[in-house]
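Number of protein chains: 2
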Amino acid sequence: MQNAPPVVILNEPQLAENIGAVARVMANFGLAELRLVRPRDGWPQERAWASASGADWPLDGAKVYQRLEAAVADLRLVYATTARPRETQLPVLTPREATAELHAAVARGHRVGLLFGGERAGLETGDIALCHGIVTIPVDERFRSLNLAQAVALNAYEWRMGVADRPREAFALNIDEPADMETVVGLYEQLESELDDAGFFHPPEKRPSMVRNLRVALGRARLTDQEVRTWRGVVTALSKGRGRVLEKLARQKAAAKNETKG
Amino acid sequence: MQNAPPVVILNEPQLAENIGAVARVMANFGLAELRLVRPRDGWPQERAWASASGADWPLDGAKVYQRLEAAVADLRLVYATTARPRETQLPVLTPREATAELHAAVARGHRVGLLFGGERAGLETGDIALCHGIVTIPVDERFRSLNLAQAVALNAYEWRMGVADRPREAFALNIDEPADMETVVGLYEQLESELDDAGFFHPPEKRPSMVRNLRVALGRARLTDQEVRTWRGVVTALSKGRGRVLEKLARQKAAAKNETKG
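See the structure below:
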């Protein structure tokens, strides 16, 4: 497979539910290939599929190995994730640094992998010795116990961030074009005119600074054309009651006249 | 609390097991304060503690709210995490970008929060309208269904990565502190109440979406305390001005009555 994302290797995983949860986060972040070394309860396990929430394909394609050496045989760069610092003379990386290295290797056409230990025992130093570096997730010293699927998720997320970094499509603002200044100033002037009528600007010599402050605050919102229309409606409704209240009163007035006439 | 990490707010969470899993990842990455808005099965729930693997303190200290507005009242910057892009006119950020903004706000002494929706329904647009931006985790289009605790974990991890990265003063704005959400929501509710009186929201079934759009636009302005006071004055002046017109009409009406009597 050309430019394949990292293979996920679980060494002696225990609970099938956790294997399913790993498959789910792999699917979330575009990883697909799962390898299991000596799963405690054998393989396949129905509960894995049940906890994958529909992310079946990493489970359907999972391969089982008796030896970690065989599981990493075709890979050229493998990082081992572990919560504890080790005495092994291997570089220690964050998930971000590790996935950057993995991206670089994949770009050169290499097959790469991420190795995770079982829930209870984690990885032994002998397993880590097969790898090219140690990934340490920066957990709080006071609570280091990270769920297996969470550890996979954080690495898979960082891998995905590296993919998403290319055209940076995801970072576009979700905001339409702001209205042009003529449109915005139209709203300002309507508002200020109504506030003049309402006697808002007092004392009068403070009017210019009060107007500035209103404009600055509203300007920071960078209103769109549609929003300017809405806010013009707001100002009209607040100051005129959309005319309807006035019409109602006028009707009452006319009715009262007719009553007194009748 | 000085320089507190983000508060985690779960809106209508369903499974106690997931709340426990959220507490666990919060503890992993140094977050501590958990708020629950209308948890489906009530609170406390023993199963939450069972699934937290010993990360009891976010659960022990969790507060329950009936309204999201109350749960965010003391916060000054809140991001909503959602998998689906929205039509709301709010900036869309990655967890990395969002936590950089959160770090900058916390460095200025602000209380900040991360909002997550329930397992099934996620967040409604009305909930998102209370927030200052949308966090979208860059999941694969083919499998977007991200577990709640995973979504919290990725944001908490990015927060933690940023702790190591500091200090970063890059986001200093030339504006005063934004008001807290209680203050801002007070302005929203005054405005909406006056608009109700003015007959602005019609047809009535459109009221929720109209309210959302008003809140989103005004929320983008990040009003300061002083500005909120000013804008409350604006709303009062405009609507009282309308009252004065009505009083004047009422006086004319009374005068007309007297005329017909006399």
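Line by line, the protein sequences are chains U and P. The numbers in the working numbering rise by one with no breaks, and the one at position 223 of the first sequence is 223. The numbers in the working numbering rise by one with no breaks, and the one at position 238 of the second sequence is 1238. Note that beta-carbon positions come from the ideal geometry of N, C-alpha and C, so glycine has one too.
Whole-Å CB distance - residue i paired with residue j, under 8 Å assumed
i	j	result
Asn-1155/P	Pro-1095/P	5 Å
Gln-1014/P	Glu-1119/P	5 Å
Leu-51/U	Glu-17/U	A small correction: the amino acid at residue 51/U is Ser; Leu does not occupy that position in the sequence shown. About 4 Å; that satisfies the 8 Å criterion.
Glu-194/U	Val-235/U	6 Å
Leu-218/U	Ala-1221/P	6 Å
Val-8/U	Leu-93/U	Actually they do not touch by this definition, with Cβ atoms about 17 Å apart.
Ala-1055/P	Phe-143/U	6 Å
Among the options, nearest to residue i - alpha-carbon criterion
i	options	result
Asp-1140/P	Val-22/U, Leu-10/U, Gly-30/U	Gly-30/U
Glu-177/U	Thr-1230/P, Ala-1121/P, Leu-1090/P, Met-1210/P	Leu-1090/P
Asp-1074/P	Thr-1230/P, Pro-1005/P, Gly-1233/P, Val-1112/P	Val-1112/P
Trp-1043/P	Leu-1102/P, Met-1026/P, Gln-1066/P	Gln-1066/P
Pro-1058/P	Ala-1048/P, Glu-1046/P, Leu-1034/P, Leu-1068/P	Leu-1034/P
Ala-1107/P	Gln-1226/P, Ala-1004/P, Phe-1200/P	Ala-1004/P
Pro-1006/P	Arg-1024/P, Asp-1060/P, Val-1064/P, Tyr-1079/P	Tyr-1079/P
Leu-191/U	Ile-19/U, Gly-61/U, Arg-40/U, Trp-231/U	Trp-231/U
Gly-122/U	Asn-147/U, His-202/U, Ala-254/U, Arg-212/U	Asn-147/U
Ser-145/U	Pro-1039/P, Ala-1027/P, Asp-1127/P, Ala-1104/P	Ala-1027/P
Trp-49/U	Ile-19/U, Gly-241/U, Met-210/U, Gln-150/U	Ile-19/U
Asp-127/U	Arg-47/U, Leu-68/U, Pro-204/U	Leu-68/U
Val-228/U	Arg-212/U, Ala-255/U, Met-181/U, Gly-109/U	Met-181/U
Ala-1104/P	Arg-1024/P, Val-1025/P, Arg-1251/P, Trp-1159/P	Trp-1159/P
Ala-149/U	Tyr-157/U, Arg-142/U, Phe-143/U	Tyr-157/U
Met-210/U	Phe-1143/P, Lys-1206/P, Gly-1233/P, Arg-1212/P	Gly-1233/P
Thr-1081/P	Leu-1010/P, His-1110/P, Val-1064/P, Asp-1060/P	Leu-1010/P
Thr-1224/P	His-1110/P, Val-1025/P, Gln-1045/P, Arg-1024/P	His-1110/P
Asn-1083/P	Val-1064/P, Ile-1134/P, Arg-1024/P, Glu-1205/P	Looking at the sequence shown, residue 1083/P is not Asn but Ala. Cα-wise, what sits closest to Ala-1083/P is Ile-1134/P.
Asp-1196/P	Gly-241/U, Glu-205/U, Asp-196/U	Gly-241/U
Residue j beta carbon less than 8 Å from that of residue i
i	j	result
Thr-1125/P	Thr-1088/P	yes
His-1132/P	Leu-1077/P	yes
Ala-71/U	Val-22/U	no
Ala-1129/P	Val-1184/P	no
Val-152/U	Phe-116/U	yes
Ala-198/U	Ser-239/U	yes
Phe-200/U	Ala-1237/P	yes
Arg-40/U	Glu-12/U	yes
Pro-203/U	Met-1161/P	no
Continuous alpha helix (DSSP H) stretch holding residue i: start and end
i	result
Gly-219/U	207-220
Leu-195/U	181-197
Asn-28/U	16-28
Leu-31/U	Taken as a continuous stretch (DSSP letters only), Leu-31/U belongs to no alpha helix (DSSP H), as it is neither H nor E.
Leu-10/U	Careful: Leu-10/U lies outside any alpha helix (DSSP H), inside the beta strand (DSSP E) at 7-11.
Gly-233/U	225-240
Glu-1046/P	1046-1050
Bounding residues of the beta strand (DSSP E) (the contiguous stretch that carries residue i)
i	result
Arg-1035/P	1034-1037
Heavy atom of the ligand MG within 7 Å of residue i beta-carbon
i	result
Ala-1073/P	Absent from the structure shown: the ligand MG. Ligands present: none.
- What are the uninterrupted segments assigned as alpha helix (DSSP H) that are 4 or more residues long and contained completely in the region 1057-1139 of chain P, given in chain order? The region 1057-1139 of chain P contains these whole alpha helix (DSSP H) runs: 1057-1060, 1068-1071, 1095-1107, 1125-1128.
- Item | Interfacial residues, the region 1019-1033 of chain P to chain B, with Cβ spacing under 8 Å | Judged by its chain identifiers, the structure shown contains no chain B, and its protein chains are U and P.
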